[in-house]
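S.K.: Provided herewith is a single structure, encoded as structure tokens, for subsequent inquiry.
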Amino acid sequence: PEQWIRILGHRIGKLDIKEYSRDLQLNAGLWKGFDVEIGDGDCGWPAVRKALEEIGYQGWATAEVPGGGRERLADIAQRMDNVLAIKAV
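Numbering of the sequence shown is given in this note's numbering, commencing with residue 12 and proceeding in unit increments.
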């Protein structure tokens, strides 16, 4: 995905964050590739963060995953912080 960040540049208005596993896709089917938690798939998050920094992105990022109760939401928030390298203030 990082190549698309550079291609689209300033046209990116918001990020929808999800993960993908090529291994699951190949072994369980195309749509099963999306059945992986943020940070546990094949996305190269350091390269994504670098590309976002290069284009000066400062917009929103939304987790495009199923929700749940407090524990699930806390896990999603932690995963988003981890992949986007957000530090608590």
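We put the beta carbon where it would ideally sit given N, CA and C, even for glycine.
Spatial neighbours of S32 within its chain, please: C-beta separation below 7 angstroms, excluding the five flanking residues on both sides.
M.R.: Hits under 7 angstroms: G44, V47, G52, D53.
S.K.: Among I87, R81, R83, G79, which has the Cα closest to the Cα of T73?
M.R.: I87
S.K.: For my contact list, L19 and G70 are in at a C-beta cut-off of 8 angstroms; report their separation, rounded to the angstrom.
M.R.: 12 angstroms between Cβ atoms; not a contact.
S.K.: Does the distance between the C-beta of W42 and the nearest non-hydrogen atom of the ligand ATP fall short of 7 angstroms?
M.R.: This structure lacks the ligand ATP; in fact it carries no ligand of any kind.
S.K.: Grouping DSSP H, G and I as helix and E and B as strand, with all else coil, what is K29?
M.R.: coil
S.K.: Return helix, strand or coil for A72, following the three-state DSSP convention.
M.R.: strand
S.K.: Per DSSP, what kind of secondary structure is E48 in: helix, strand or coil?
M.R.: coil
S.K.: For L63, I'd like the list of residues in its chain whose CB is within less than 7 angstroms of its CB, leaving aside the five on either flank, ordered along the chain.
M.R.: I16
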